[in-house]
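Trainee: According to this note's numbering, the sequence shown is numbered sequentially starting from 11.
C-beta atoms are modelled at their ideal positions from N, C-alpha and C, and glycine is treated no differently.
Small disclaimer: the values here were computed from a predicted structure and weren't measured.
Sharing a structure below in structure tokens format, with a few things to ask.
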Amino acid sequence: MTASPKLPPFDPTDPLGIDELLDAEDLAVRDTVRKWAERRVLPHVAEWYEKGELPGIRELARELGEIGALGMSLSGYGCAGAGAVRYGLACLELEAADSGIRSLVSVQGSLAMYAIHRFGSEEQKQTWLPRMASGEVIGCFGLTEPDHGSDPASMRTYARRDGGDWVLSGRKMWITNGSVASVAVVWAQTEEGIRGFVVPTDRPGFAAPEIRHKWSLRASVTSELIMDEVRLPADAVLPGAIGLKGPLSCLSHARYGIVWGAMGAARTCFEAAVDYARTREQFGKPIGGFQLTQAKLADMAVELHKGILLAHHLGRRMDAGRLRPEQVSFGKLNNVREAIEICRTARTILGANGISLEYPVMRHATNLESVLTYEGTVEMHQLVLGKALTGLDAFR
Ligand SMILES: Cc1cc2nc3c(=O)[nH]c(=O)nc-3n(C[C@H](O)[C@H](O)[C@H](O)COP(=O)(O)OP(=O)(O)OC[C@H]3O[C@@H](n4cnc5c(N)ncnc54)[C@H](O)[C@@H]3O)c2cc1C
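Here it is in structure tokens:
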């Protein structure tokens, strides 16, 4: 009889041994971002959330630039060129602190920088990307409008040619980083179809008032963009994008980061629930000793680590250039939906304390309400998958 091989010990923080998929550089990136978030975000984020502000956002952006987190998966122009898996690991660690911080990074890197990197002229790339990668310049991405969210093809923002210039008018809504951005990538109808414009936000006719009274993503700047006959030079248009495919490919990149990020929020809530269940006593023993609590924790762990495994799988496909948008929809749909469920279940385990900002759970759960909606709602991703599965388009 051969001796059975010695099994590695069970690690409650990594029950499936997913860390074995990571190399030393992956671990170093994860560690750097985790430490930064623990030092710069965690001690303050409950207060920022309560006040509904993100003070020192410019300083935070510069520090995120220093650790290579801005435009992390992009190459050249001062970007880290770290690839998809490392970018995903960074998103997870940032969102483990707060979805607002991950949103700042996603919008900067995956939406504004990605659009310029992929569709911009060499001059646009040289002008904007190095300063965006360093965090000196903050960018935003304006697609959604007050009356056109899930259906951006119907957008009303319009750019017309006037001699050699473009003149841009319209309104965008719910734009992350809008009021603090020095540059906005704005999508507009033109005679040639939907096109993207690189708009310096100090142009006459451009305003970005902040949206207040949000009860989700409170430690994040969200704004309206108002463009009243904003005159732009001919070279403000992104030459490589005509039609909705341009903004949709940016969204696909950002959604990929959310697949990872959502699991960060879920991990924090899961850990808070385990800690609480171990120490909170009712009926003479820790609540973690009751079967009903253990069932919740087991189910949460299963979904958390399945979600992380899925994120890894998609990351490897992206690094290999084989990730399809439908697969990103699969990941975003599953991971955000499961993450919010994990946070809500954690909330029940913490009882009344679960609603307090003294614990991270309610903050993450309410943040995830936005994450569930932006970058394509649950229903949009169901429709993407439904179409891919049946060949039938049910969008209209
Ligand atoms: C905090 C925050 C930050 C954001 N940041 C940005 C940003 O930086 N840039 C940007 O451009 N946008 C941003 N958004 C906007 C976001 O992308 C939109 O909110 C999202 O696309 C949904 O659009 P909507 O809110 O207009 O909802 P709607 O499109 O009006 O949808 C309302 C509901 O109807 C459902 N629905 C719509 N059509 C169908 C259909 N055919 N079948 C079934 N159900 C349907 C939707 O799924 C949803 O449940 C942000 C949003 C939030 C909350």
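1. Check each candidate in W46, G62, G88 and name the one with the smallest Cα separation from L102.
2. Suppose you measure from the CA of G66 to the CA of P18; what does that come to, to the nearest Å?
3. At a cut-off of 7 Å, would you count W176 as near ligand 1, judging by its Cβ distance to the nearest heavy atom?
4. What residue does the alpha helix (DSSP H) around V231 start on, and which one ends it?
5. Under 8 Å between the Cβ atoms of A229 and V388?
6. CB-CB under 8 Å to A163, same chain, minus the five flanking residues each way: which ones, in chain order?
7. When the Cα atoms are used, what is the spatial distance from A13 to L382?
8. Does the beta-carbon distance from I126 to K135 come in below 8 Å?
9. Look up L242 in the DSSP assignment and give the residues it is bridged to.
10. In the DSSP output, what is A197 paired with across the bridge?
11. Please report how far the alpha carbon of G341 lies from the alpha carbon of E132, in whole angstroms.
12. Taking the alpha carbon of V208 as the reference point, which residue from L121, R288, E202, S233 has its own alpha carbon closest?
13. I'd like to confirm the pairing. Which residues does DSSP put opposite T186 in its beta bridges?
14. Take the Cβ of T137 as the centre, count every other Cβ of all protein chains shown within 10 Å, and call the residue buried at 16 or more, exposed below.
15. Given L302, which residues of its chain have a CB within under 6 Å of its CB, disregarding the five upstream and five downstream residues?
16. Return yes when the C-beta of W58 is under 7 Å from any heavy atom of ligand 1, and no when it is not.
17. Could you give the distance in angstroms between the alpha-carbon of G364 and the alpha-carbon of P140?
18. Under the three-state reduction of DSSP, which class applies to A321: helix, strand or coil?
19. Between the segment 106-123 and the segment 368-386, do three or more beta carbon pairs fall short of 8 Å?
20. With hydrogens ignored, establish whether the beta-carbon of Y266 is closer than 7 Å to any heavy atom of ligand 1.
21. In terms of alpha-carbon separation, which member of P257, V247, I318 lies closest to A275?
22. Taking only heavy atoms of ligand 1 into account, decide whether any of them is closer than 7 Å to the Cβ of L393.
23. Please list the terminal residues of the continuous beta strand (DSSP E) segment that includes G149.
24. How is P214 classed by DSSP in three states: helix, strand or coil?
25. For the candidate residues L227, A244, H323, whose alpha-carbon lies nearest to that of V269?
26. Using only the alpha-carbon positions, how far apart do C279 and M123 sit?
27. Which residues in the same chain as V196 place their Cβ atom closer than 6 Å to its Cβ, once the five residues preceding and following it in sequence are excluded?
28. To which residues does DSSP link I252 through a beta bridge?
29. If G98 and A143 are in contact, beta carbons under 8 Å, what's the gap, nearest whole angstrom?
30. So is H223 buried or exposed if we call it buried at 16+ other beta carbons inside 10 Å?
31. Whole-angstrom Cβ separation of G215 and M183, contact assumed at under 8 Å?
32. For D41, report the span of its alpha helix (DSSP H) as first-last.
33. Below 8 Å on the Cβ atoms is my contact criterion, and I expect N187 with L114 to pass it. Report the Cβ-Cβ distance as a whole number of Å.
34. In the DSSP assignment, find the unbroken alpha helix (DSSP H) run with I352 in it and report its ends.
35. Return yes when the Cβ of A283 is within less than 8 Å of the Cβ of L307, no when it is not.
36. Taking G27 as the reference, give the member of D212, T355, H315, R327 with the closest Cα.
Mentor: In brief:
1. As a working mapping, residue 102 is identified with position 92 in the sequence shown. Of W46, G62, G88, the residue nearest in Cα terms is W46.
2. Here residue 66 corresponds to residue number 56 of the sequence shown, with the count starting at 1. Here residue 18 corresponds to residue number 8 of the sequence shown, with the count starting at 1. Approximately 44 Å between the Cα atoms of the pair.
3. As a working note, residue 176 is residue 166 in the sequence shown. For ligand 1, not one heavy atom lies less than 7 Å from the Cβ of W176.
4. Walking along the sequence shown from the start, residue 231 turns up at place 221. Per DSSP, V231 belongs to no alpha helix (DSSP H) and is neither H nor E.
5. Stepping through the sequence shown from its first residue, residue 229 is reached at position 219. Stepping through the sequence shown from its first residue, residue 388 is reached at position 378. No. Outside cutoff.
6. For the purposes of this step, residue 163 is taken as residue 153 along the sequence shown, with counting starting at 1. Here the set comprises I204, L254.
7. Taking the first residue of the sequence shown as position 1, residue 13 is located at position 3. Taking the first residue of the sequence shown as position 1, residue 382 is located at position 372. Whole-angstrom Cα-Cα distance: 49 Å.
8. Start at 1 with the first residue of the sequence shown, and residue 126 comes out as number 116. Start at 1 with the first residue of the sequence shown, and residue 135 comes out as number 125. In this structure, K135 lies closer than 8 Å to I126 by Cβ.
9. Position 232 of the sequence shown, counted from the start, is the residue given in the question as residue 242. In the DSSP output, where bridge partners are listed per residue, L242 has W176.
10. Here residue 197 is taken as the residue at index 187 of the sequence shown, counted from 1. For the record, residue 197 in the displayed sequence is Trp; it is not Ala. Beta-bridge pairing links W197 to G206.
11. In the sequence shown, residue 341 corresponds to position 331, counting from 1. In the sequence shown, residue 132 corresponds to position 122, counting from 1. Whole-angstrom Cα-Cα distance: 33 Å.
12. Along the sequence shown, one-based indexing puts residue 208 at 198. It is L121 whose Cα lies nearest to the Cα of V208.
13. Position 176 of the sequence shown, counted from the first residue, corresponds to residue 186. In the DSSP output, where bridge partners are listed per residue, T186 has T232.
14. If you number the sequence shown from 1, residue 137 lands on position 127. Label assigned to T137: buried.
15. Numbered from 1 along the sequence shown, position 292 holds the residue referred to as residue 302. Excluding positions up to five away in sequence, the list is empty.
16. Position 48 of the sequence shown holds residue 58. No, the Cβ of W58 stays beyond 7 Å of every heavy atom of ligand 1.
17. Counting from 1 along the sequence shown, the entry for residue 364 is found at position 354. Counting from 1 along the sequence shown, the entry for residue 140 is found at position 130. Each residue's CA atom was taken as its position, placing G364 and P140 some 42 Å apart.
18. As a first step, residue 321 is located in the sequence shown; it is residue number 311 there, counting from the start. Looking at A321 - three-state DSSP - the assignment turns out to be helix.
19. The segment 106-123 vs the segment 368-386: in contact.
20. Residue mapping note: residue 266 aligns to position 256 of the sequence shown, counting from 1. Every heavy atom of ligand 1 is 7 Å or more from the Cβ of Y266, so no.
21. Within the sequence shown, the letter at position 265 stands for residue 275. Of P257, V247, I318, the residue nearest in Cα terms is I318.
22. Against the sequence shown, residue 393 aligns to sequence position 383. It does: the Cβ of L393 is within 7 Å (strictly closer) of some heavy atom of ligand 1.
23. Here residue 149 refers to the residue found at position 139 of the sequence shown. Start and end: 149-152.
24. Against the sequence shown, residue 214 aligns to sequence position 204. In this structure, P214 counts as coil in the three-state DSSP scheme.
25. As a working note, residue 269 is residue 259 in the sequence shown. When each option's Cα is compared against that of V269, the closest is H323.
26. Within the sequence shown, residue 279 is the residue found at index 269, counting from 1. Within the sequence shown, residue 123 is the residue found at index 113, counting from 1. Going by the C-alpha atoms only, they are around 31 Å apart.
27. In the sequence shown, counting from the first residue as 1, residue 196 sits at position 186. Here the set comprises G152, F207, V209.
28. In the sequence shown, counting from the first residue as 1, residue 252 sits at position 242. According to DSSP, I252 bridges with R205.
29. Residue numbering aside, residue 98 sits at position 88 when the sequence shown is read from its first letter. Residue numbering aside, residue 143 sits at position 133 when the sequence shown is read from its first letter. Contact doesn't hold; Cβ gap of about 18 Å is too wide.
30. To locate residue 223, count along the sequence shown from 1; it is residue 213. H223 sits exposed, since fewer than 16 C-beta atoms from the chains shown fall within 10 Å of its C-beta.
31. Residue 215 sits at position 205 when you count from the first residue of the sequence shown. Residue 183 sits at position 173 when you count from the first residue of the sequence shown. Wrong, their Cβ atoms sit about 18 Å apart, outside the cutoff.
32. Residue 41 sits at position 31 when you count from the first residue of the sequence shown. First-last of the alpha helix (DSSP H) with D41: 34-50.
33. Looking up residue 187 in the sequence shown gives position 177. Looking up residue 114 in the sequence shown gives position 104. Right, the Cβ-Cβ distance comes to about 6 Å (below 8 Å), so this counts as a contact.
34. Here residue 352 corresponds to residue number 342 of the sequence shown, with the count starting at 1. Looking at the DSSP string, the run of the alpha helix (DSSP H) that includes I352 is 335-359.
35. Reading the sequence shown from its first residue, position 297 is the one you call residue 307. Reading the sequence shown from its first residue, position 273 is the one you call residue 283. Cβ atoms of L307 and A283: closer than 8 Å.
36. On the sequence shown, position 17 is the one that residue 27 refers to. Of all alpha-carbon atoms in D212, T355, H315, R327, the one lying nearest the alpha-carbon of G27 is that of H315.
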